[in-house]
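K.L.:
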Amino acid sequence: MPEEPCQCPDCQRFYREHDRLIRESPTLRQQQELNWAALQSFRTLSGRVLEDLQKQHGSRQTAEAAAKSAAAGPPVPEESGDSLQQAIADLENINAHLFSIEALMERVFDVRVPEEIEHKFRELAGELAPDPLNVDRLRLNRLLHQTPDLPDRS
19 MPEEPCQCPD
29 CQRFYREHDR
39 LIRESPTLRQ
49 QQELNWAALQ
59 SFRTLSGRVL
69 EDLQKQHGSR
79 QTAEAAAKSA
89 AAGPPVPEES
99 GDSLQQAIAD
109 LENINAHLFS
119 IEALMERVFD
129 VRVPEEIEHK
139 FRELAGELAP
149 DPLNVDRLRL
159 NRLLHQTPDL
169 PDRS
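Residue numbers for the sequence shown follow this note's numbering, so the first one is 19 and each next one is one higher.
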């Protein structure tokens, strides 16, 4: 008996996006391009945010050090500094992982298949996209629910 798909809002949103991506990019080449663009946009945005945070935090640290040496007043709360440092460290890790993923995926993007194989992709895409019990989707759904640090998207 097939496993019933989850009906939570996150999974329903995932199912719709999953199907849309298959319907709109039903060939190997289109999937390669889509994944490459997604990876590059993620790297660009997270890299820029990291760069800006590092610039802001670096200039703030310099200003705070100068202020502390000029006047021995009450200390600046370090809670916000700690969370900022953690965010910067997390973004550095994300960017390192994205570079690794890019290196691994370059080989995937170099693969070309004959037109009859691309036709098979299109044919199966039509079957997969509307199928709510697709095995791959159910597997990804389980992974989605097993991710402890999944951000709340509400």
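We put the beta carbon where it would ideally sit given N, CA and C, even for glycine. These figures come from a predicted structure and were not determined experimentally.
1. Label residue 143 either buried or exposed according to how many other C-beta atoms from any shown protein chain fall within 10 Å of its C-beta, with 16 as the threshold for buried.
2. Between the C-alpha atoms of residue 72 and residue 56, what's the straight-line distance to the nearest angstrom?
3. Can you look up residue 147 in the DSSP assignment and give me helix, strand or coil?
4. Kindly say whether residue 129, judged by its beta-carbon, lies nearer than 8 Å to any beta-carbon of chain D.
5. Looking only at its chain, what residues have a beta carbon closer than 7 Å to the beta carbon of residue 156, apart from the 5 residues adjacent to it on each side?
6. Rounded to the nearest angstrom, how far is the Cβ of residue 109 from that of residue 67, given a contact under 8 Å?
7. Can residue 139 and residue 46 be called in contact, C-beta distance under 8 Å?
8. Give me the Cβ distance between residue 146 and residue 28, rounded to the nearest whole Å; I'm assuming they're in contact under 8 Å.
9. Do you know offhand how far residue 76's Cα is from residue 119's?
P.N.:
This is what the structure gives:
1. buried
2. 24 Å
3. coil
4. Chain labels in this structure do not include chain D; a single protein chain is all it has.
5. 21 and 23
6. 6 Å
7. yes
8. Actually they do not touch by this definition, with Cβ atoms about 20 Å apart.
9. 29 Å
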